[in-house]
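Q: Chains as they are written, first to last, in our numbering: chain U, 6 to 103; chain F, 158 to 628. Every residue, glycine too, gets a C-beta built ideally from N, C-alpha and C.
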Amino acid sequence: MFQRVYDASGASVAVTIDGKPVQAREGDTVAAAMLAAGYETCRTTPVSEAPRGPYCMMGVCFECLVTIGSVGNRQGCLVRVQAGMRIETQHGKRVLGR
Amino acid sequence: MSAAGIRDAYDVAIVGAGAAGLAAADLCARAGLSTVVFDEQASPGGQTYRSIEDTPLRRPEVLGEDYWKGAALLAAFRASGAQYVPGAGVWSLTHERELGVSVDGQSRLTTARRVIVATGALERPFPIPGWTLPGVMTTGAAQILLKSSGLAAQGRTVLAGGGPLLWLLAWQYLNAGARIDAILETTPRGNLLRAAPHAPGFLVSPYVRKGLALLLAVHRRIRVVSGVSELRAEGDGKVQSLVYRVRGGAEQRLPVDTLLLHQGVVPNVNLAMAAGIEHRWDDRQLCWTPVLERDGATSVEGIAIAGDGAGIAGVQAAVSRGVLAAAVAVRALKPGARPDGEARARAELARYERGRRFLDELYRPARAFRIPQGATIVCRCEEVTAQQIVDAVALGCTGPNQMKAFVRCGMGPCQGRLCGLTVTELIARTRGVSPQEVGYYRLRSPVKPITVAELAGLPHTDAGVKAVVRH
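(1) Any idea if F/Met-294 is buried or exposed, counting beta-carbon neighbours within 10 angstroms, 16 or more meaning buried?
(2) Let me check understanding here. Comparing Cα to Cα, which of F/Ala-278, F/Glu-222, F/Tyr-241 and F/Cys-185 lies closest to F/Arg-164?
(3) Under 8 Å between the Cβ atoms of F/Gly-202 and F/Leu-290?
(4) Can you pull the chain F residues whose beta carbon is under 8 Å from the beta carbon of U/Asp-23, in chain order?
(5) Do F/Arg-336 and F/Pro-412 count as a contact pair if the criterion is CB distance below 8 Å?
(6) In whole angstroms, give me the CA-to-CA distance for F/Pro-357 and F/Ala-177.
(7) Based on DSSP bridge pairs, tell me the residues matched to F/Arg-270.
(8) Please report the Cβ distance between F/Cys-185 and F/Val-169, rounded to the nearest whole angstrom; I am assuming they are in contact, meaning their Cβ atoms lie under 8 Å.
(9) Among F/Ala-352, F/Ala-374, F/Arg-441 and F/Ala-182, whose alpha-carbon lies nearest the alpha-carbon of F/Tyr-330?
(10) Would DSSP call F/Ser-386 helix, strand or coil?
(11) Which residues in chain U sit within 9 Å of F/Gly-464, going by Cβ to Cβ distance?
(12) Which residue from F/Gly-464, F/Val-448 and F/Asp-465 puts its Cα closest to that of F/Val-457?
(13) For F/Val-247 and U/Arg-91, what's the separation of their Cα atoms in angstroms?
(14) Assign F/Trp-445 to buried or exposed, taking buried as 16 or more other Cβ atoms, counted over all protein chains shown, within 10 Å of its Cβ.
(15) With 16 other CB atoms within 10 Å as the buried threshold, where does F/Trp-225 fall?
(16) Can you give me, in chain order, the residues of the stretch 204-230 of chain F that have a beta carbon less than 9 Å from any beta carbon in chain U?
(17) Count the other C-beta atoms from every protein chain shown that fall within 10 angstroms of the C-beta of F/Asn-427, then say buried if there are 16 or more, exposed otherwise.
(18) Indicate whether U/Ala-13 and U/Val-20 have their beta-carbon atoms separated by less than 8 Å.
(19) Please report how far the alpha carbon of F/Pro-284 lies from the alpha carbon of F/Thr-343, in whole angstroms.
(20) Express the C-alpha separation of U/His-96 and U/Ala-41 in angstroms, rounding to a whole number.
(21) In angstroms with no decimal places, state the Cα-to-Cα distance between F/Gly-287 and F/Ala-489.
(22) Among all the DSSP beta bridges, which residues are the ones paired with U/Arg-91?
(23) Shorter than 8 Å from the beta carbon of U/Ser-53 to some beta carbon of chain F?
(24) I need the straight-line Cα distance from F/Tyr-167 to F/Ile-534, nearest angstrom please.
(25) Under the three-state reduction of DSSP, which class applies to F/Met-294: helix, strand or coil?
(26) Going by DSSP, what residues sit across from F/Trp-324 in a beta bridge?
(27) Please check if any C-beta of chain A sits within less than 8 Å of the C-beta of U/Ala-42.
(28) Which residues does DSSP pair with F/Tyr-167 in a beta bridge?
(29) Please classify F/His-617 as buried or exposed, where buried requires at least 16 other C-beta atoms within 10 Å of its C-beta.
(30) Helix, strand or coil for F/Asp-439, going by three-state DSSP, please let me know.
(31) So, under 8 Å CB-CB, F/Glu-518 and F/Arg-351 are touching, yes? Tell me the CB distance rounded to an integer number of Å.
(32) Pull out every residue of the stretch 380-405 of chain F whose Cβ sits closer than 8 Å to any Cβ of chain U, in chain order.
(33) For the beta strand (DSSP E) that contains F/Asn-348, what are its first and last residues?
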């Protein structure tokens, strides 16, 4: 779990995670917003469906892959939140046609 | 900025807006060269000066004065006239200096007369049992969350490993009023002896003052367990406890909500290797570093490497290397030009390189934490264990490329960034040969995953259309 340190500033940005409304902060990446909202797991793996969460936060590990809007496998740590953004966790292998 | 704003050609293209890239861009643009900086992140500064223009932290003392030194670098870059393309993934770089760049799901190709690769460093893999559990992250990841979002770990937080960044983050967490329950130090005791001969260079380097003050402050306020020889993260669906041994003693257990790992940083080689730039195994830093001539010149004409991608030396050295690589480009493209700051950069670089040797030896990670055994996952993407790799070696698999075909390690989305060093060292140790002989994954473009639609959507040239259209 991650929480804001007491002197952190920033305006709220409303997004949804798996359909649930979440208040992120301006400047948050999707991965940061998920950790702040208590989502430690952002996907389960295609190989064994093991839970995974963000690991490096800088674009190299690809653990924070999520679906943003309708596009799957986005690196959550490289995309900043925008008002109205729909973020979805991913589960196992990609299903064709989705 | 969108992909459409990327021009067809530049004098100088720089990949990476960290310390080296920013310093290089500043010099090139001020010399009148058309200069572009492509950076994957949303704001400039690299990882050291991450979010320096827009951090939500209001009190500057949380991150410390060394962080804020980057502000001058950013200001100079912003005023230089260099074009800056954030959110840009460079997925290809050829010998002809053509770059493939993806912005917001759209790609463009562009060329440059000179390219400076300033892709920096990433944290060394730390393959312990349970390192894939949610709640286990790198120390760098925690620092990024603090700088960019003002977020700190909540609940029981443990740092494990070694290296300057580990201590820096601990100190910044203390400044931010965040909690750290313990630091488990994995640095082997013998390191200090091996580092001692290099102490004179370190003592006159600028590392000393900041390093010692910081170490003292952290030791005073956080419980530090030294000599940790074994680590294992456990939990059901997320990390819940950390099991460890001190110098092979009895197992001890700590409850933990967030585990932050770190054992140094290594060059981020993917783009440079895919461009065909020669790299060699560095026995001192235990990683691949590019074979460089003076001022960052590589084995490929017109492409230089600056910053930690040239070998780990830290942020100040990165600035100097950026200036020196840029000066070469300026002189080549503007005959008669006299780029300023070169002599100073050379002197600074020497100062920081002198101190580095000591740090390399002192924080050299233990073999047990670099070369895992048994069921420990080596390749996180494809979930390949150390035992699977050892077994494949027994079947006659001699190197990382064959290993891909045997067990799929390195074939997931991270393209070997999180397993490559481990796979090389594990194969080398199993075969009883050097990492240099074992080699690395053969890296190819695209070095960042892009969709086929994005490739197909590249602007078509007349020649390209004629090549495929029937008349």
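A: Let me spell this out:
(1) buried
(2) F/Tyr-241
(3) no
(4) Those within 8 Å of U/Asp-23 in chain F number zero; the least Cβ separation is about 16 Å.
(5) no
(6) 27 Å
(7) None, per the DSSP bridge assignment.
(8) 5 Å
(9) F/Ala-374
(10) strand
(11) The contacting residues do not exist; F/Gly-464 stays about 14 Å from chain U at best.
(12) F/Val-448
(13) 26 Å
(14) buried
(15) exposed
(16) Gln-204, Arg-207, Ser-208, Asp-211, Thr-212, Pro-213, Leu-214, Arg-215, Arg-216 and Val-219
(17) buried
(18) no
(19) 13 Å
(20) 21 Å
(21) 51 Å
(22) U/Thr-21
(23) yes
(24) 43 Å
(25) strand
(26) DSSP lists no partner for F/Trp-324.
(27) Within the model displayed, chain A is absent; protein chains U and F are what it includes.
(28) F/Ala-269
(29) exposed
(30) strand
(31) 5 Å
(32) Gly-394 and Lys-395
(33) Not the beta strand (DSSP E): F/Asn-348 falls in the alpha helix (DSSP H), residues 347-352.
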